[in-house]
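Below is one structure; the comments refer to it alone.
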Amino acid sequence: MAIPATDLDIPNLTWLDDPSVGFEERRDATEAAASESWIARNLFGFSILHYDDVVAILRDKRWHSASGKILEMSGIDDPEWLSRRRTSILSTEGDEHTRLRRVAGPAFSPRHADALRPYMRDVVNDLIDPFADRGTADIAVEFCEPYPIPIICELFGAPKEDLQLFSDWATDIFRIFNGNLHDDMPAIIAAQDELDAYVGDLIEARRSTPADDLISAMIAAESDGDRLSHTELVMMCEAVLMAGTDTTRNQLGCSISLFAHHPEQWKLLAERPELAPRAVEETMRFMGAVRGTGRFASDDIEYRGVWFPKGTFISPSLAQANRDASVFDDPGQFDITREPSNRPQLTFGSGIHYCLGAALARAEQQEALTIMAQRLPDLALAGDIVWKPATVGIFGPERLPVTFTAT
Ligand code: HEM
Numbered sequence: 000m001a002i003p004a005t006d007l008d009i010p011n012l013t014w015l016d017d018p019s020v021g022f023e024e025r026r027d028a029t030e031a032a033a034s035e036s037w038i039a040r041n042l043f044g045f046s047i048l049h050y051d052d053v054v055a056i057l058r059d060k061r062w063h064s065a066s067g068k069i070l071e072m073s074g075i076d077d078p079e080w081l082s083r084r085r086t087s088i089l090s091t092e093g094d095e096h097t098r099l100r101r102v103a104g105p106a107f108s109p110r111h112a113d114a115l116r117p118y119m120r121d122v123v124n125d126l127i128d129p130f131a132d133r134g135t136a137d138i139a140v141e142f143c144e145p146y147p148i149p150i151i152c153e154l155f156g157a158p159k160e161d162l163q164l165f166s167d168w169a170t171d172i173f174r175i176f177n178g179n180l181h182d183d184m185p186a187i188i189a190a191q192d193e194l195d196a197y198v199g200d201l202i203e204a205r206r207s208t209p210a211d212d213l214i215s216a217m218i219a220a221e222s223d224g225d226r227l228s229h230t231e232l233v234m235m236c237e238a239v240l241m242a243g244t245d246t247t248r249n250q251l252g253c254s255i256s257l258f259a260h261h262p263e264q265w266k267l268l269a270e271r272p273e274l275a276p277r278a279v280e281e282t283m284r285f286m287g288a289v290r291g292t293g294r295f296a297s298d299d300i301e302y303r304g305v306w307f308p309k310g311t312f313i314s315p316s317l318a319q320a321n322r323d324a325s326v327f328d329d330p331g332q333f334d335i336t337r338e339p340s341n342r343p344q345l346t347f348g349s350g351i352h353y354c355l356g357a358a359l360a361r362a363e364q365q366e367a368l369t370i371m372a373q374r375l376p377d378l379a380l381a382g383d384i385v386w387k388p389a390t391v392g393i394f395g396p397e398r399l400p401v402t403f404t405a406t
């Protein structure tokens, strides 16, 4: 007989949802809970703490993505706002989701991502040039924040003069995660409308004159005679802007701050750039910017002798799973020479919603970290890192002051 989840005698992590709890306290408390149990209580439901359970649950199609529930969970009940809720690939399930992945997936292949590497290298160098002769920089503000935007623009085939528009839309649409939806909703809606109109025009232009970009690839994408509709193309572009900017910039911020604490590993990367792919996996394992994700039970679910009634919310902890000692030897050790394994780090997720942009994100980070390690080999912290609140969905440094030898 399964035990109802609410009756479990398990660690209580509800207090972690207080924004005043710092990153390290949060990480240590989660680790302590994981040493006791695979599951803990949190403010909205339950946290899943062990690697095998996180993977099993993310691959179990009865658990649906909670990304479409952010408005309700934030207490937004205005019918007009609720009616504007978009269908997104992240919140789509079942056959509809399978179809989107099947048709759009090839446009996100490693081959397409690799084609952008020369452009990525130019962006990295152009961002480093203005501060290279200064010997100091705020890497979060001057490098990580702007880095993904020109790459997304290039991916879309949008002209460079529209960079600022994309940057502003991304900032406004991301307000959805700031926990202040009542005040932010008008700006979010305005940005969504402007982005939709812009992308709609871009799609029409590419229909008549295809180019070598993601939009043209998605327009041309076909599987068994099936193609994406105009609305689906617009949705996919918004998903890419949403899912591909803040993640990348925060992951880079986390990774560079980690290297700043491990100068010998930074030196090693500068000397052996072929380690870049492993360095990216290890930084994402050791300090992932996406700490966890959300799922809810689409039906009554029994798992490991526990009964989760329909609607139960759970948060698979990607960050804690990445430190599971039964999967990673000496998980508290940061080592960019760690052997690749068939049980990968989980910061890109797992199962049907596994990051569609993983190949692009890997290429972006490999290029950025390698060039930066070579151009700023003695990078060192020049003050305290200011972190975003540890409760935000995508975590990273707000300020990352560093020094290095000016060139
Ligand atoms: C380091 C950077 C990135 C990280 C850590 C990351 C992480 C993730 C994670 C954890 C998920 C799954 C969420 C869940 O299961 O609830 C996801 C999904 C997704 N990501 Fe990424 N991502 C990154 C970069 C990107 C980029 C650059 C793009 C686009 C070019 C992208 C596009 C997407 C899309 C479209 C989905 C939804 C896939 C689906 O629902 O089928 N991501 N990402």
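Residue numbers for the sequence shown follow numbering that gives the first Met the number 0, so the first one is 0 and each next one is one higher. Just so it is clear, CB atoms sit at the ideal spot from N, CA and C, and this is done for glycine as well.
Q) How is E92 classed by DSSP in three states: helix, strand or coil? A) Here the question's residue 92 lines up with position 93 in the sequence shown. In the structure shown, E92 sits in coil (DSSP, three-state: anything other than H, G, I, E or B).
**Q.** Residue ranges of each beta strand (DSSP E) within the stretch 184 to 216, 3 or longer
**A.** none
Q: Use the C-beta contact count for Y146: other C-beta atoms within 10 angstroms, 16 or more gives buried, fewer gives exposed.
A: As a first step, residue 146 must be located in the sequence shown, where it is residue number 147. Looking at its Cβ environment, which holds 16 or more other Cβ atoms inside 10 Å, Y146 is buried.
Q: Have a look at L180 and L268 and give me their C-alpha separation to the nearest angstrom.
A: As a first step, residue 180 is located in the sequence shown; it is residue number 181 there, counting from the start. As a first step, residue 268 is located in the sequence shown; it is residue number 269 there, counting from the start. Approximately 42 Å, taken between the alpha carbons.
Q) Is any heavy atom of ligand 1 found at a distance shorter than 6 Å from the C-beta of L89? A) Counting from one through the sequence shown, the residue named residue 89 turns up at place 90. Yes, the Cβ of L89 comes within 6 Å of a heavy atom of ligand 1.
(Q) I'd like the list of long-range same chain contacts for L355, defined as Cβ closer than 6 Å, with 5 residues on each side in sequence excluded. (A) Taking the sequence shown and counting its residues from 1, one reaches residue 355 at position 356. Cβ neighbours of L355 beyond the five flanking positions: F107.
Q) So W62 is in the beta strand (DSSP E); what residue range does that whole segment cover? A) To locate residue 62, count along the sequence shown from 1; it is residue 63. Segment W62 to S64, the beta strand (DSSP E) holding W62.
Q. Does the beta-carbon of Y302 have 16 or more other beta-carbons within 10 angstroms, so that it is buried, or is it exposed?
A. In the sequence shown, counting from the first residue as 1, residue 302 sits at position 303. By the neighbour-count rule (16 or more Cβ atoms within 10 Å), Y302 is buried.
Q. Exposed or buried, which one is D323 when buried takes at least 16 other CB atoms within 10 Å?
A. One-based indexing of the sequence shown puts residue 323 at position 324. Buried, because 16 or more other Cβ atoms sit within 10 Å of the Cβ of D323.
Q) Can you tell me where the beta strand (DSSP E) with S314 in it begins and where it stops? A) Reading the sequence shown from its first residue, position 315 is the one you call residue 314. Here the beta strand (DSSP E) through S314 covers F312 to P315.
Q. How about C143 and L251: are their beta carbons less than 7 Å apart?
A. Walking along the sequence shown from the start, residue 143 turns up at place 144. Walking along the sequence shown from the start, residue 251 turns up at place 252. In contact: C143 and L251 (Cβ atoms closer than 7 Å).
Q) Do Q344 and ligand 1 come close, with the Cβ less than 6 Å from some heavy atom? A) For the purposes of this step, residue 344 is taken as residue 345 along the sequence shown, with counting starting at 1. False, no ligand heavy atom lies under 6 Å from that Cβ.
Q. Of the choices P185, Q191 and Q365, whose alpha-carbon is the least far from that of P272?
A. In the sequence shown, residue 272 corresponds to position 273, counting from 1. Closest by alpha carbon: Q365.
Q) Hey, how far is the Cα of V401 from the Cα of A186? A) The residue you call residue 401 lines up with position 402 of the sequence shown. The residue you call residue 186 lines up with position 187 of the sequence shown. Cα-Cα distance, rounded: 34 Å.
Q. What distance in whole Å lies between the Cβ atoms of E280 and P339, which are believed to be in contact at a cut-off of 8 Å?
A. Along the sequence shown, one-based indexing puts residue 339 at 340. Along the sequence shown, one-based indexing puts residue 280 at 281. That pair is a contact at about 7 Å.
Q.
To the nearest angstrom, how far is the alpha carbon of K60 from that of W14?
A. To locate residue 60, count along the sequence shown from 1; it is residue 61. To locate residue 14, count along the sequence shown from 1; it is residue 15. Cα to Cα, the separation comes out at about 30 Å.
Q: Give the C-beta separation of A288 and I202 to the nearest angstrom, bearing in mind that I take them to be a contact with Cβ-Cβ under 8 Å.
A: As a working mapping, residue 288 is identified with position 289 in the sequence shown. As a working mapping, residue 202 is identified with position 203 in the sequence shown. Not really, about 30 Å apart at Cβ, beyond 8 Å.
Q) Cβ atoms of S64 and S46: under 7 Å apart, would you say? A) Locating residue 46 in the sequence shown gives position 47, where the first residue counts as 1. Locating residue 64 in the sequence shown gives position 65, where the first residue counts as 1. In this structure, S64 does not lie closer than 7 Å to S46 by Cβ.
Q. Comparing the CB of G291 with every heavy atom of ligand 1, is any distance shorter than 6 Å?
A. Along the sequence shown, one-based indexing puts residue 291 at 292. Checking the Cβ of G291 against ligand 1 gives no.
Q. Whole alpha helix (DSSP H) runs in the stretch 293 to 350 with 4 or more residues, listed along the chain?
A. 317 to 320
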